[in-house]
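Novice: Pasting in a structure now, in structure tokens, and then I'll have a few things to ask.
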Amino acid sequence: MTATAPITQDMLTIPRKAPEGLPNLVGMTRDAMREALIAAGTPEKQAKMRVGQIWQWIYHWGVRDFAQMTNLAKDYRAMLAEKFVISVPEVVTRQVSEDGTRKYLVRIAGGHEVEIVYIPEEDRGTLCVSSQVGCTLTCSFCHTGTQKLVRNLTAGEIIGQVMVARDDLDEWPIPGAPKNETRLLSNIVLMGMGEPLYNFENVRDAMKIAMDPHGIQLSRRRITLSTSGVVPEISRTAEEIGCQLAISFHATTDEVRDKLVPINKRWNIAELVEALRSYPKVSNSERITFEYVMLDGVNDSDDDARRLIKLIDGIPAKINLIPFNEWPGAPYKRSSNNRIRRFADIIYKAGYASPIRTPRGEDIMAACGQLKSETERGRKTKAQIAAETGL
Ligand code: SF4
Numbered sequence: 037m038t039a040t041a042p043i044t045q046d047m048l049t050i051p052r053k054a055p056e057g058l059p060n061l062v063g064m065t066r067d068a069m070r071e072a073l074i075a076a077g078t079p080e081k082q083a084k085m086r087v088g089q090i091w092q093w094i095y096h097w098g099v100r101d102f103a104q105m106t107n108l109a110k111d112y113r114a115m116l117a118e119k120f121v122i123s124v125p126e127v128v129t130r131q132v133s134e135d136g137t138r139k140y141l142v143r144i145a146g147g148h149e150v151e152i153v154y155i156p157e158e159d160r161g162t163l164c165v166s167s168q169v170g171c172t173l174t175c176s177f178c179h180t181g182t183q184k185l186v187r188n189l190t191a192g193e194i195i196g197q198v199m200v201a202r203d204d205l206d207e208w209p210i211p212g213a214p215k216n217e218t219r220l221l222s223n224i225v226l227m228g229m230g231e232p233l234y235n236f237e238n239v240r241d242a243m244k245i246a247m248d249p250h251g252i253q254l255s256r257r258r259i260t261l262s263t264s265g266v267v268p269e270i271s272r273t274a275e276e277i278g279c280q281l282a283i284s285f286h287a288t289t290d291e292v293r294d295k296l297v298p299i300n301k302r303w304n305i306a307e308l309v310e311a312l313r314s315y316p317k318v319s320n321s322e323r324i325t326f327e328y329v330m331l332d333g334v335n336d337s338d339d340d341a342r343r344l345i346k347l348i349d350g351i352p353a354k355i356n357l358i359p360f361n362e363w364p365g366a367p368y369k370r371s372s373n374n375r376i377r378r379f380a381d382i383i384y385k386a387g388y389a390s391p392i393r394t395p396r397g398e399d400i401m402a403a404c405g406q407l408k409s410e411t412e413r414g415r416k417t418k419a420q421i422a423a424e425t426g427l
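Here the sequence shown stands for residues 37 to 427, numbered as in this note's numbering.
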């Protein structure tokens, strides 16, 4: 699919069948896998058990070769290898920052590429996962926002990012070896490229696989979905995924938010806050995270801080202050450290946790809002680039 082709609905809901041919078991729900196994000749009575066995090989042990699934009969393994693939995105580049942050550029079906970022901490680590190639939206502080949407990622391409990172971190258990209590990949944040709520079903299926107790087994409390404010889909996040919610909030007036997060023109601050007040899963133990990028002279005044407190009054919340991470051609500057501390102080005194996010991986352009797959840029026709640059 070239960037010039018009985006149609069926392109956005790419079937799980790998374009090259055989269906990919990675990303299928348990029900879909059962149907596929039956269609491939597995007796219906055995199908559920086979799903359980194959699921554990793929998502608990990290096996990619049917021949290694030793609790399945040899001829059955041969049949599986004939009819299915176990495919994850291909790592094109892997960069490691001075601070240990890792950025992977991975290639998916159709030759498109997306970025994934792994942020290690003392005894755990967070994987920032992408949900679209490019983005449906054009937030003006975000590098991804300058990249047109090419397509949604499939559930297999989303959970595949987690599997690729586990490969690199050597995090798959080894049969017979003592269980490793420390998880290097302990948290997932859907804060990479794309708006996850504009790819809801694939994101949901992928996160359910990540949470499945017989596979990767990540607690729902360790998964955070960040949205820029697709109001009608917000409550589904609680009802159908059950993970934590973060909001790309970033402004306290519609006038400013319309510029920073243009989806605000569709659902403004009042509508968004209303949806959050009635969010099914919000409580003091499951607070909503308000993400707030600190932009010099744009949204960082004392009045902004006070307005923010007023807007979210009564919502169990924490506010993540994100010092802006500049990218080539970015129209903003980061607020000064004093200004950020002052802002955090006003919020903290109002009773809200207001951690200031430490920029990670800046030296490899892996910090928040810096992701963009340059190769997609390369796909643009000369005419498009000329139209864009006027050159
Ligand atoms: S902040 Fe998120 S929704 Fe906005 S352009 Fe960037 S990736 Fe898209």
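Even for Gly, the Cβ is constructed at its ideal location relative to N, Cα and C.
So, is I144 buried or exposed, given that buried needs 16 or more other C-beta atoms within 10 angstroms?
Specialist: So I144 counts as buried.
Novice: Taking all protein chains shown into account, do 16 or more other C-beta atoms lie within 10 angstroms of the C-beta of I400, making it buried, or fewer, making it exposed?
Specialist: Buried.
Novice: Let me check understanding here. Comparing Cα to Cα, which of R377, I210, K215 and T260 lies closest to W97?
Specialist: It is I210.
Novice: Can you tell me the Cβ-Cβ gap for I152 and V62, rounded? I've got them flagged as a contact below 8 Å.
Specialist: Not confirmed; about 15 Å, so no contact.
Novice: Rounded to a whole number of angstroms, what is the C-alpha to C-alpha distance between K354 and E307?
Specialist: Cα-Cα distance, rounded: 19 Å.
Novice: Can you give me the start and stop residues for the alpha helix (DSSP H) that L296 sits inside?
Specialist: Its alpha helix (DSSP H) spans residues D290 to L296.
Novice: Exposed or buried, R313, counting other C-beta atoms within 10 Å across all chains shown (16 or more means buried)?
Specialist: That one is exposed.
Novice: Within a Cβ cutoff of 7 Å, which residues of the same chain sit near D135, ignoring the five residues on either side of it in sequence?
Specialist: R396 and G397.
Novice: Please return the same chain residues whose Cβ sits closer than 7 Å to the Cβ of L347, not counting the five positions on each side in sequence.
Specialist: The answer, listed in chain order, is T288, I305 and V309.
Novice: Can you check the segment 187 to 246 for any alpha helix (DSSP H) of at least 4 residues that lies completely inside it and give the ranges in chain order?
Specialist: Whole alpha helix (DSSP H) segments, 4+ residues: 191 to 205.
Novice: So what does DSSP say about N374, is it helix, strand or coil?
Specialist: If DSSP states are grouped into helix, strand and coil, N374 belongs with the helices.
Novice: Flag this pair as yes or no: are the beta carbons of L163 and I224 separated by less than 8 Å?
Specialist: The answer is yes: Cβ separation under 8 Å.
Novice: For M64, is the classification buried or exposed, using 16 other Cβ atoms within 10 angstroms of its Cβ as the cut-off for buried?
Specialist: M64 comes out buried.
Novice: Do the segment 194 to 204 and the segment 231 to 251 touch if we need at least three Cβ pairs shorter than 8 Å?
Specialist: With a cut-off of 8 Å, the segment 231 to 251 and the segment 194 to 204 count as touching, because enough Cβ pairs lie within range.
Novice: Does the distance from the C-beta atom of L296 to that of Y328 stay below 8 Å?
Specialist: Result no, Cβ atoms of L296 and Y328 do not sit closer than 8 Å.
Novice: Among residues of its own chain, excluding the 5 on either side of Q89, which ones have a beta-carbon nearer than 8 Å to its beta-carbon?
Specialist: Cβ neighbours of Q89 beyond the five flanking positions: M105, N107 and L108.
Novice: Take Y234 as the anchor and find which of E275, D248, T190 and V198 has the nearest alpha-carbon.
Specialist: The shortest C-alpha separation from Y234 is found at T190.
Novice: Looking at the strands, I want to know which residues DSSP matches up with G77.
Specialist: Beta-bridge pairing links G77 to no other residue.
Novice: If you follow the beta strand (DSSP E) that Y140 is in, where does it begin and where does it stop?
Specialist: Note, Y140: beta strand (DSSP E), R138 to R143.
Novice: In terms of residues, what are the limits of the alpha helix (DSSP H) holding S284?
Specialist: It is not in any alpha helix (DSSP H) - S284 instead sits in the beta strand (DSSP E) that spans Q280 to S284.
Novice: Grab the span of the alpha helix (DSSP H) containing S271 for me, first residue to last.
Specialist: V267 to R272 is the extent of the alpha helix (DSSP H) around S271.
Novice: Going by DSSP, name the residue or residues bridged to F326.
Specialist: In DSSP, F326 forms a bridge with I283 and I355.
Novice: CB of E362 to nearest heavy atom of ligand 1: below 7 Å?
Specialist: No.
Novice: For E151, which residues does DSSP report across the bridge?
Specialist: E151 pairs with L141.
Novice: Say yes only if the C-beta of T174 is nearer than 7 Å to one or more non-hydrogen atoms of ligand 1, and no if none qualify.
Specialist: Yes - ligand 1 has a heavy atom lying nearer than 7 Å to the Cβ of T174.
Novice: State the DSSP-derived secondary structure class of M60, mapped to helix, strand or coil.
Specialist: The sequence as given places Asn at residue 60; Met does not occur at that position. Strand at N60.
Novice: Helix, strand or coil for G181? Go by DSSP, reduced to three states.
Specialist: G181: helix per DSSP, three-state reduction.
Novice: Return the chain-ordered ranges of every alpha helix (DSSP H) run that is complete within the segment 67 to 126 and spans a minimum of 4 residues.
Specialist: List check, alpha helix (DSSP H) in window: 80 to 95 and 110 to 119.
Novice: Is the beta carbon of E149 within less than 7 Å of some heavy atom of ligand 1?
Specialist: Checking the Cβ of E149 against ligand 1 gives no.
Novice: Would you say F379 and R370 are within 8 Å of each other, going by their C-beta atoms?
Specialist: For F379 and R370, no; Cβs fall outside 8 Å.
Novice: If I measure Cβ to Cβ from I277 and keep anything under 6 Å in the same chain, skipping five residues before and after, which residues do I get?
Specialist: Closer than 6 Å at the Cβ level, and outside the excluded window around I277, lie R240 and M243.
Novice: Mind checking V198: buried by the 16 CB within 10 Å criterion, or exposed?
Specialist: The residue is buried, with at least 16 neighbouring Cβ atoms inside 10 Å.
Novice: Is T260 near ligand 1, with its Cβ less than 7 Å from a heavy atom?
Specialist: False, no ligand heavy atom lies under 7 Å from that Cβ.
Novice: Helix, strand or coil for G397? Go by DSSP, reduced to three states.
Specialist: In this structure, G397 counts as coil in the three-state DSSP scheme.
Novice: May I ask whether a heavy atom of ligand 1 can be found less than 7 Å away from the beta carbon of M229?
Specialist: Yes, since a heavy atom of ligand 1 falls inside the 7 Å radius drawn around the Cβ of M229.
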